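**Q**
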Amino acid sequence: MEDKTTEGGSNSPSDSDLTRMIRAEVDTWTPRRGADWTDVLIRIAGTGPSPWLVYTTASAALVVILIAAYLVGTAFQLGALAPPAQVHLH
Amino acid sequence: MTESKGLETGQLDPATQFKQLYDQEYLSVFRSIRAVVMDSAAAEDLTQETFVRAYRARHRYTPTAPPGAWLRRIGINLAISHLRRQKLARFLPARLYIAPDRRDYDRAEARNIVGKAMAALSPKLRAAVFLHYYEDMTREEIAAVLGVPAGTVASRIAKAVAIMRKTMASDQELDTTRSSSEGALRGR
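Chain order of the listed sequences is V and Z. Going letter by letter, the first sequence gives residues 1 to 90 in my numbering. Going letter by letter, the second sequence gives residues 1001 to 1188 in my numbering.
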């Protein structure tokens, strides 16, 4: 590929030079493997739910677990959720 | 820019339509992504991922713009996210982060003046340059693909051209100095 400038100053390429040079450079970019439709189909078939759905479901499940644990703790008066013990100091 | 009708024709089943679109747009989408990531192997993988995402989101596609522009938008956004993830991964402990072996690609892909000048740009500037100079898109079309105002596109192109001209000029000066000093050594 010829990378010499034709106009636009001694070392500064003109807009048309730049277009020509960029096109020549980009035309050399070719994929090594090339198009592979089977790989696309495998990827489509193999993908699970989207990450945002997983995170939202997991967060909602965690909130439900925490609320349930609090309710169970208060109902059965477990651990720190039990009412304070009556201590008589004499 | 090629006007693809893949998603607009109603006679074919969605998979066949999409396969046609894939065959038509594969190289163009690959080159858009390659312009952003400057790495052929990563660009190939991201191109496949682009079509997977586009297939999943095909019901959301509205034919106001050609499907090629829509695919390029998905691809370029994916490429920018990929680079962002790579940048973040560098902060991981050394054992968790395995740097990609790019030595072969770097040697092969930045071999000429334009390649080096493009490599000197940020990914967003490269995307604007590629769409303007290679795809021959107008500022408004580029703005639609990149999801930024047309004014931003204009300033990105101007900035990119200034950087590229500077890089190319300094590269040519270096070559001239090198060849003249080699000539002087040969003359002794």
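We put the CB at the ideal spot given by N, CA and C, even for glycine. From a predicted model like this one, the values you see are computed outputs, not experimental measurements.
Taking 8 Å as the CB-CB cut-off, is V:S12 touching chain Z?
**A** Chain Z, which has a Cβ nearer than 8 Å to the Cβ of V:S12, makes this yes.
**Q** Assuming the contact rule is C-beta atoms closer than 8 Å, Z:G1075 and Z:L1046 should be a hit. Round their C-beta distance to whole Å, please.
**A** Sure, about 7 Å apart at Cβ, within 8 Å.
**Q** Return no unless some Cβ of chain Z is closer than 8 Å to the Cβ of V:W52.
**A** Not an interface residue.
**Q** Between V:P92 and chain Z, is there a C-beta pair that is closer than 8 Å?
**A** Residue 92 of chain V lies beyond the residue range present for chain V, which begins at 1 and ends at 90; the question has no answer from this structure.
**Q** Between the alpha carbons of V:A82 and V:V54, how many angstroms are there, rounded?
**A** So the two alpha carbons sit approximately 35 Å from each other.
**Q** Counting only the same chain and skipping the five closest in sequence on each side, list residues whose C-beta sits under 7 Å from that of Z:H1132.
**A** Excluding sequence neighbours, Z:H1132 sits near I1142, I1157.
**Q** Output yes if chain Z places a C-beta closer than 8 Å to the C-beta of V:T19; else output no.
**A** Yes, V:T19 lies at the interface with chain Z (some Cβ there is under 8 Å from its Cβ).
**Q** Within the continuous alpha helix (DSSP H) that includes Z:D1136, where are the two ends?
**A** That residue, Z:D1136, is in no alpha helix (DSSP H); it is neither H nor E in DSSP.
**Q** Note down, one range per segment and in chain order, each alpha helix (DSSP H) of at least 4 residues found wholly within the region 46–80 of chain V.
**A** Counting whole runs of 4 or more residues, the region 46–80 of chain V contains the alpha helix (DSSP H) stretches 51–75.
**Q** Using Cβ-Cβ distances below 9 Å, what residues of the region 33–44 of chain V are close to chain A?
**A** As a matter of chain content, chain A is missing from the structure shown, whose protein chains are V and Z.
**Q** Does DSSP put Z:P1123 in a helix, a strand or coil?
**A** Three-state DSSP puts Z:P1123 in a helix.
**Q** May I have the straight-line CA-CA distance separating Z:R1056 from Z:Q1020, to the nearest angstrom?
**A** C-alpha separation (whole angstroms): 16 Å.
**Q** I'd like to know whether the C-beta of Z:N1112 is nearer than 8 Å to at least one C-beta of chain V.
**A** Yes, its Cβ sits closer than 8 Å to a Cβ of chain V.
**Q** So which residues on chain V does Z:V1161 lean against when the C-beta distance must stay under 9 Å?
**A** Within 9 Å Cβ-Cβ: D15, L18.
**Q** Express the C-alpha separation of Z:S1081 and Z:A1054 in angstroms, rounding to a whole number.
**A** Distance between the alpha carbons of Z:A1054 and Z:S1081 is about 16 Å.
**Q** Does the region 1059–1067 of chain Z touch the region 1157–1171 of chain Z, meaning 3 or more C-beta pairs lie closer than 8 Å?
**A** The answer is no - the region 1059–1067 of chain Z does not touch the region 1157–1171 of chain Z, with fewer than three Cβ pairs under 8 Å.
**Q** Quick one: is V:V26 near chain Z, going by C-beta distance under 8 Å?
**A** Closer than 8 Å: yes.
**Q** Is V:H88 helix, strand or coil when you go by DSSP?
**A** Three-state DSSP puts V:H88 in coil, outside helix and strand.
**Q** Which residue marks the beginning of the alpha helix (DSSP H) containing V:A82, and which one marks its end?
**A** Run containing V:A82: none; DSSP gives neither H nor E here.
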